[in-house]
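Novice: Before I ask anything, here is the structure I am working with.
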Amino acid sequence: NVWCACRVMGGIFSRLESVDLQVREAAVTALGDFVGYGQEEAVLGVARRLTHQSAHVRTATVKGLCQLAPKGDEFALGVVRGVMQHEDAKIRASAVEALVALSDPY
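Letter 94 of the sequence shown, counting from 1, is numbered 125 in the numbering used here, and no numbers are missing.
Below is the structure:
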């Protein structure tokens with residue numbers, strides 16, 4: 032059921048914003064277990080948190096993106112590149128971290 036899957040993904044995405052480190056880490060793991068690679072809607076849902084005020088949430092977001100997109104994934108890289116225009120230097124730094132993590136080293 033698509034509606035059910037969207038609710039589950041939304042629940043996982045929101046857990047990336049938890050104040051509890053263990054909850055954020057469990058959300059990152061759940062992304063890999065439940066969602067997996069290549070779902071563009073999931074990449075967008077997670078990437079929205081790259082602009083969160085909390086550095087902890089942005090770090091969890093970078094890890095989450097790595098669970099959703101293989102290295103070199105052009106869609107994920109394009110989404111992250113869009114964050115590079117953000118006015119906040121800390122948010123741009125998180126975007127750079129995500130670009131490095133998602134880039135194909137070859």
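The beta carbon of each residue, even a glycine, is placed where N, CA and C say it ideally should be. All values reported here derive from a predicted model rather than from experimental measurement.
A100 and V74: beta carbons closer than 8 angstroms?
Specialist: Contact: yes.
Novice: Going by DSSP in three states, K102 sits in which element: helix, strand or coil?
Specialist: Looking at K102 - three-state DSSP - the assignment turns out to be coil, as it is neither helix nor strand.
Novice: Skipping 5 residues on each side, what residues in its chain have a beta carbon closer than 7 angstroms to that of E71?
Specialist: For E71, where only same-chain residues beyond five positions count, the Cβ hits under 7 angstroms are F106.
Novice: Please list, in chain order, all residues of the same chain as V88 whose beta carbon is under 8 angstroms from its beta carbon, the five residues on each side excluded.
Specialist: So the list reads L47, E48, R55, R80, once near-sequence residues are dropped.
Novice: DSSP state of D64, grouped into three classes?
Specialist: DSSP places D64 in helix when its eight states are reduced to three.
Novice: State yes or no: is the C-beta of L133 within less than 8 angstroms of the C-beta of V111?
Specialist: Going by C-beta atoms, L133 is nearer than 8 angstroms to V111.
Novice: Quick check: is any heavy atom of the ligand GDP less than 7 angstroms from the C-beta of M115?
Specialist: Because no ligand of any kind appears in the structure shown, any question about the ligand GDP cannot be addressed here.
Novice: Considering Cα atoms alone, identify which of G69, G95, G109 is closest to A57.
Specialist: If we check each option's Cα against that of A57, G95 comes out closest.
Novice: What number of angstroms, rounded off, separates the C-alpha of A129 from the C-alpha of V93?
Specialist: Rounded to the nearest angstrom, the two C-alpha atoms are 5 angstroms apart.
Novice: Apart from the five residues just before and just after F65, which ones in its own chain have a Cβ nearer than 7 angstroms to its Cβ?
Specialist: Cβ neighbours of F65 beyond the five flanking positions: V39, I43.
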